[in-house]
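Enquirer: Sharing a structure with you now.
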Amino acid sequence: MSYHFSTHLTTSWEQAQERVRAALQSAGFGIVSEIDVAQTLRKKLGIEFRPYLILGACQPHYAHQAILAEAHIGTMLPCNVLLQQQEDGRVEVSAIDPMASMQAVANPALADIAQAVQQQLRQVIEALSQQGPGAPLNAR
97 MSYHFSTHLT
107 TSWEQAQERV
117 RAALQSAGFG
127 IVSEIDVAQT
137 LRKKLGIEFR
147 PYLILGACQP
157 HYAHQAILAE
167 AHIGTMLPCN
177 VLLQQQEDGR
187 VEVSAIDPMA
197 SMQAVANPAL
207 ADIAQAVQQQ
217 LRQVIEALSQ
227 QGPGAPLNAR
């Protein structure tokens, strides 16, 4: 089982970020954390790295259910969505597969929650892949 699902966008880095943020918001996810890995590597180590951004996406309803079912599940939240610039100019967008990550937790109550979040994240990635380079996002 793969631990993520991905698509590629043929847009600028800035446009890709806008599209991903809008798609996540449209699906009910908030972005609760953001890690600019390239900026961090530059600042802390003096290393130049390709644009690489990790967005911590949270669907509050499901996060609350997961925490009620498993008190320490916060160590595995939020769901990460990765944007990374490819050498060919495209931007790869990848989302964690919550079903894969929740297999590490021996709590069957998390299965339905992980499956629902998996379906929503998969729909976000599929919606992004179906849009043309400059296509507007359709609100759901």
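Just add 96 to wherever you are in the sequence shown, counting from 1, and you've got my numbering.
Just so you know, even glycine gets a beta-carbon here, dropped at the ideal spot from N, CA and C.
Could you tell me how far apart the beta carbons of Ile192 and Ala165 are, in whole angstroms, since I believe they sit closer than 8 Å?
Expert: Against the sequence shown, residue 192 aligns to sequence position 96. Against the sequence shown, residue 165 aligns to sequence position 69. Between Ala165 and Ile192 the Cβ distance is about 18 Å, and since that is not below 8 Å, they are no contact.
Enquirer: How is Ser129 classed by DSSP in three states: helix, strand or coil?
Expert: Residue numbering aside, residue 129 sits at position 33 when the sequence shown is read from its first letter. In this structure, Ser129 counts as strand in the three-state DSSP scheme.
Enquirer: Run through the DSSP bridge pairs and tell me what Asn176 is partnered with.
Expert: Taking the first residue of the sequence shown as position 1, residue 176 is located at position 80. Gly152, per the DSSP bridge assignment.
Enquirer: Can you tell me the Cβ-Cβ gap for Gln180 and Arg218, rounded? I've got them flagged as a contact below 8 Å.
Expert: To locate residue 180, count along the sequence shown from 1; it is residue 84. To locate residue 218, count along the sequence shown from 1; it is residue 122. At roughly 19 Å, the Cβ-Cβ gap does not stay under 8 Å, so Gln180 and Arg218 are not in contact.
Enquirer: Between the stretch 121–139 and the stretch 184–199, do three or more beta carbon pairs fall short of 8 Å?
Expert: The stretch 121–139 vs the stretch 184–199: no contact.
Enquirer: So, using beta-carbon positions, are Ile127 and Ala153 closer together than 7 Å?
Expert: Numbered from its first residue, the sequence shown carries residue 127 at position 31. Numbered from its first residue, the sequence shown carries residue 153 at position 57. A contact, by the Cβ cut-off of 7 Å.
Enquirer: Would you kindly work out how many angstroms separate the C-alpha atoms of His100 and Glu188, rounded to a whole number?
Expert: Numbered from 1 along the sequence shown, position 4 holds the residue referred to as residue 100. Numbered from 1 along the sequence shown, position 92 holds the residue referred to as residue 188. Distance between His100 and Glu188, taken at the CA atoms: about 12 Å.
Enquirer: For the alpha helix (DSSP H) that contains Ala223, what are its first and last residues?
Expert: In the sequence shown, counting from the first residue as 1, residue 223 sits at position 127. Ala223 -> alpha helix (DSSP H) spans 205–226.
Enquirer: Do you know offhand how far Leu105's Cα is from Leu224's?
Expert: One-based indexing of the sequence shown puts residue 105 at position 9. One-based indexing of the sequence shown puts residue 224 at position 128. The alpha-carbon atoms of Leu105 and Leu224 are separated by roughly 8 Å.
Enquirer: Short of 7 Å in beta carbon distance, which residues of its chain neighbour Gln211, apart from the five on each side in sequence? Order them along the chain.
Expert: Position 115 of the sequence shown, counted from the first residue, corresponds to residue 211. Answer for Gln211: Met195, listed in chain order.
Enquirer: Relative to the C-alpha of Ala202, which candidate in Asp132, Ser108, Gln121, Ala167 has its C-alpha closest?
Expert: Here residue 202 corresponds to residue number 106 of the sequence shown, with the count starting at 1. Looking from the CA of Ala202, the closest CA among Asp132, Ser108, Gln121, Ala167 belongs to Ala167.
Enquirer: Within 10 Å of its beta-carbon, does Leu141 have 16 or more other beta-carbons around it, so buried, or fewer, so exposed?
Expert: Taking the first residue of the sequence shown as position 1, residue 141 is located at position 45. Under a 10 Å Cβ-count criterion, Leu141 is classified as exposed, with fewer than 16 other Cβ atoms of the shown protein chains found around its own Cβ.
Enquirer: Check whether the Cβ atoms of Ile131 and Ile150 lie closer than 7 Å to each other.
Expert: Numbered from 1 along the sequence shown, position 35 holds the residue referred to as residue 131. Numbered from 1 along the sequence shown, position 54 holds the residue referred to as residue 150. Yes, Cβ-Cβ distance for Ile131 and Ile150 is below 7 Å.
Enquirer: Restricting to Cα atoms, I'd like to know which of Val213, Leu120, Arg115 is closest to His157.
Expert: By 1-based counting over the sequence shown, the position of residue 157 is 61. Nearest C-alpha to His157: Val213.
Enquirer: Quick one: give me the first and last residue of the alpha helix (DSSP H) that Glu110 is part of.
Expert: Taking the sequence shown and counting its residues from 1, one reaches residue 110 at position 14. Per DSSP, Glu110 belongs to the alpha helix (DSSP H) from 109–122.
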